[in-house]
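**Q** Taken in order, these protein sequences are the chains called A and B.
Heads up, the final residue of the first sequence is numbered 1296 in our numbering, and it's a clean run with no missing numbers.
Heads up, the final residue of the second sequence is numbered 326 in our numbering, and it's a clean run with no missing numbers.
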Amino acid sequence: MRNLFPSACHLDEQHVSKEMLLEYLDGELGSSARDRIAAHLDACWECRMLHADIQQTIRDFMQFRSQALSEDVIAAPPHEWRNFQRLLRQQVEAEECHKPSWAALSRAGVLIDSMRPVLARVAAAAVAIAVIALALTWHAQPPALQATTLLRQSIAAEEFAAAKVVVHRSISLTEHDPGTGRVISRRRIESWHSKNKRIARRVYGTNGELLAGEWLTPDGARVVYRDGKMCPDCPPQHPLAKNEIWQLEPGADGFYKVVANPENITVEATPATYVFKYQDDRSGSPKLRSASLILRRSDLHPIQQTLTVEQNGKLENYRFVEASFERKAVDEVEASVFNIDQFLVAPPAEIHPSPAEKLVEFATADMEVEALGRLDDVDALAQNQLAVSRTHDGTLLVAGVVGTEERKQEIVGALGPLVRNPAVQVTIYTPAEAEQQLTAPFERLQVQEVEISPAAGHGNPDIRHFLAGQWSGSKLDEEVQRFSYRVYNHLAEAQLHALVLRHVVESLSESEYHAMTPEAQRKWRYLVRKHGLEVQREIRGVMDSLSPIVGPVVAEPAPVHVNVRSAALQMSRLASSADSVIWQALASPNEGTSAALKDPKLWRSLQTLEQLTKNILDEVNP
Amino acid sequence: MEDEPLEFRSPVAEIALSSRAIAVSQSANATEQRVSELFEQLRGRIYRYVLVISGVPEEAEEVTQESFLRLYQTLRQGTRIDEPQFWLFRVAHNLTINRQRRARFEKSYDFATWEMIAENRADPSPSPEQDAIQREKYESIRNGLARLTDQENRILHLRAEGLRYRQIAEVLGIGKSTVADILRGGIDKLKAHSNA
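#1: Let's see if you can read the secondary structure: which residues bound the beta strand (DSSP E) around residue 900 of chain A?
#2: Consult DSSP for residue 924 of chain A and reduce its assignment to one of helix, strand or coil.
#3: Can you tell me the Cα-Cα spacing of residue 822 of chain A and residue 952 of chain A, whole angstroms?
#4: Do residue 960 of chain A and residue 984 of chain A have their C-beta atoms closer together than 8 Å?
#5: Name the chain A residues that come within less than 8 Å of residue 159 of chain B, Cβ to Cβ?
#6: Using the Cβ count rule (16 or more neighbours within 10 Å means buried), how would you classify residue 1041 of chain A?
#7: Run through chain B and tell me which residues come within less than 8 Å of residue 749 of chain A, C-beta to C-beta.
#8: Counting only Cβ pairs nearer than 9 Å, list the residues of chain A close to residue 262 of chain B.
#9: If I measure Cβ to Cβ from residue 838 of chain A and keep anything under 7 Å in the same chain, skipping five residues before and after, which residues do I get?
#10: At a CB-CB cut-off below 8 Å, which residues of chain A make contact with residue 187 of chain B?
#11: Helix, strand or coil: which one does DSSP assign to residue 1204 of chain A?
#12: Any idea what DSSP makes of residue 275 of chain B, helix, strand or coil?
#13: Does the count of Cβ pairs from the stretch 1061 to 1074 of chain A and the stretch 1203 to 1221 of chain A closer than 8 Å reach three?
#14: What beta strand (DSSP E) runs, 3 residues minimum, are completely inside the stretch 1183 to 1246 of chain A?
#15: In the DSSP assignment, what residue or residues form a beta bridge with residue 947 of chain A?
#16: Quick one: what's residue 845 of chain A bridged to in DSSP?
#17: Excluding the 5 residues flanking residue 285 of chain B on each side, which residues of the same chain have their C-beta closer than 8 Å to its C-beta?
#18: Below 8 Å on C-beta distance, what does residue 198 of chain B contact in chain A?
#19: Counting C-beta neighbours from all protein chains within 10 Å, is the total for residue 883 of chain A 16 or more, i.e. buried, or is it exposed?
#20: How is residue 881 of chain A classed by DSSP in three states: helix, strand or coil?
#21: Taking its Cβ as the centre, do 16 or more other Cβ atoms sit within 10 Å of residue 1250 of chain A, making it buried, or is it exposed?
#22: Helix, strand or coil, according to DSSP, for residue 1164 of chain A in the structure here?
#23: Quick check on the DSSP output: the beta strand (DSSP E) that includes residue 980 of chain A runs from which residue to which?
#24: Beta-carbon separation of residue 1171 of chain A and residue 1088 of chain A under 8 Å?
#25: With distances taken from CA atoms, which of B:225, B:218, B:319 is nearest residue 176 of chain B?
#26: Cutting at 6 Å between CB atoms, please list the residues of its own chain near residue 1294 of chain A, excluding the five before and the five after it.
#27: According to DSSP, what are the bridge partners of residue 961 of chain A?
#28: Skipping 5 residues on each side, what residues in its chain have a beta carbon closer than 7 Å to that of residue 1050 of chain A?
#29: Closer than 9 Å by beta-carbon distance: list the chain B residues that pair up with residue 1006 of chain A, in chain order.
#30: Just checking: is the beta-carbon of residue 282 of chain B within a distance shorter than 8 Å of some beta-carbon in chain A?
#31: Taking residue 304 of chain B as the query, report the chain A residues whose CB atoms sit under 8 Å from its CB, ordered along the chain.
#32: Quick check on DSSP: helix, strand or coil for residue 1062 of chain A?
#33: Take residue 849 of chain A as the anchor and find which of A:879, A:1182, A:1043, A:1189 has the nearest alpha-carbon.
#34: Grab the span of the beta strand (DSSP E) containing residue 1098 of chain A for me, first residue to last.
#35: Buried or exposed: where does residue 319 of chain B fall if 16 or more other Cβ atoms within 10 Å of its Cβ makes it buried?
#36: Would you tell me roughly how many angstroms separate the C-alpha atoms of residue 1028 of chain A and residue 1064 of chain A, rounded to the nearest one?
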């Protein structure tokens, strides 16, 4: 039988591993592992030295850090936080100042739509008054300030407009020869903005081909596609560089971003628009030489923008014109518009047989799920406990140690085209290779076969008593041992599948799950479901085997997490603690009393495990 | 699983203090007030982390401010944020990485800077002998730090800020077991140098 936690189960024979010691120090272990390690440390000087060593390293690091980054360094950044309160105040004011007029505009829109002309005229009058008030305010202020104020109001209005809905814009982007005005290139930009700053922006060529794209999630994570590839590590570019400029769709915030001296912005009012202009005579590369932005006067909505950029001594002229603008309710929009286009992360099925075939140079969540699925097909997650993870630089690591060369070949074969993908790094070793190759960080991946023997002595007295009705003599000893093995095996398997389930669940963040293709989502749910069912089956096995022996035990399941992630974590912890209780009851002749098998805590754990599994299965059901 | 907040519980009292969920029904002024309080309370820690990973004090200050402004906007858009301090670390991290991608600044707190700051800030030690021992110790830690990968550096500093493995994993968008592995690798490197 496999031993899942050699260092934890056999502290008397083995020292505490380094990784467990660090997790122990960091309070990341469950209470049973913690207690066992504490007991081992009491007894073992060698491990205590390692413990002290790690503590000392942490202490040295913290001392150095507090010296280098002391409180007074932190308290006094270069501008001493001078701008923050002002910027925050501006946001509050912009929001408060623009909110009513926007509400009036919205109401006007709704009423006009519903053909109620009288009220519509009243609403339109309210808008007109608001515009006049705005114009009066403007005349009362110095011109430069007024330009920036209007721009800030426009930013707030746009943000407010996008707060509860999804905004979709189509923009035509043309590049002109600054001398002759001739069109050099035409592009179409489709952008989607949702509340919480979720953004997708795609640039298409004249034949409808996708040339570039940008996807942002609310927490600021950003993925870019350009020059034919996904770009986590593309060479850095200036925002005004030729292949970056499409990200500056018409808008006050983008305008601010590229303008070096906002105080030089001027504004003119036409009957229907505000026209902002900017000029910078200093040269540089890339450098914004002039720019203009046109806002609709009624709602300060940006409709056109031009940029003249100096690049390597030449001028380039870009014109962005809004072709369409729509505000949609969240449920009217396909969630996929915010996802990275499927073919960028996986090529179309008719061209390549496998979604992983395309050489994507950046490991995606879809790829990780693909790898997990392929490894699971040959049982490598449960049986070999292979580690699959993505690194920050976009590499997918598949690592571990397997028993034989044949098994290694089988697993590598199962990974199929993923092995050839440059973003995937497979480090699977046989024990012999591991000895030559591995350094400390991989030690824990080694599978250690340790013979365990529940019921080494006479076994648990209750089990013995139960079986004594049918067997006697040496046959009874054998049956007690077989029974104990069976119970322990169920729990060991449950624990194993709980670990795999947790591994699969923790492989993705929630936002990554939603950004995946439906196919990858289906695969992920299948993996979670498969191992959830296994846990459920094995836990039921433990309970069914023990029930006739211990009789009724009153235990209420503990409150459980409904969130899949938290549930998976709670599940793997519970399985591990139930394991130690059962182990005590079955394996240790002195402590193996009936009390341990009837311990309400054990039954509470088992029932909670059942409930957790049920919750997870309910959650991932299609 | 879409709408449920992920659970990030931290036993560190200091974090718990600033981790009260912010009600979304607050007015603009009340939100401003709360964001200002959090800013006073947490700006130093966010700034310190961004400074370590960006290496540019001006940028660290900007990113820190931007993170708090985003907190305000996000709250005003009706989003409930369960643990603002942890949310801020994540946003600040992402903003920094995005800026690095745009090449505004690329290096981690470089070691000449570490050195300069450490030199300037060194406490006057009671004796030249102790001073020498102290310098030697810092020298070895600096050497250890110079060998850390970006990710090891980030994880060590986030851990030093009191974040748990699970929280660090969410900030960096990696698995929790990866956090444990990388942290151990980092500690090993520092240990190797402090024993050298």
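Glycine is no exception: its CB is placed at the ideal position from the N, C-alpha and C atoms.
**A** So, to answer that:
#1: 896 to 900
#2: coil
#3: 12 Å
#4: yes
#5: 766
#6: buried
#7: 174
#8: Those within 9 Å of residue 262 of chain B in chain A number zero; the least Cβ separation is about 16 Å.
#9: 869
#10: 751, 752
#11: helix
#12: helix
#13: no
#14: none
#15: A:970
#16: A:863, A:996
#17: 298, 302, 309, 312, 313, 316
#18: 758, 762
#19: exposed
#20: coil
#21: buried
#22: helix
#23: 976 to 985
#24: no
#25: B:218
#26: 1199, 1202, 1203
#27: A:984
#28: 1201
#29: Neighbours of residue 1006 of chain A on chain B: none; closest Cβ ~17 Å, over 9 Å.
#30: no
#31: 1063, 1064, 1065, 1066
#32: strand
#33: A:879
#34: 1098 to 1103
#35: buried
#36: Caution applies to residue 1028 of chain A, whose pLDDT of 43 falls short of 50 and renders its modelled position unreliable; the model cannot decide the point.
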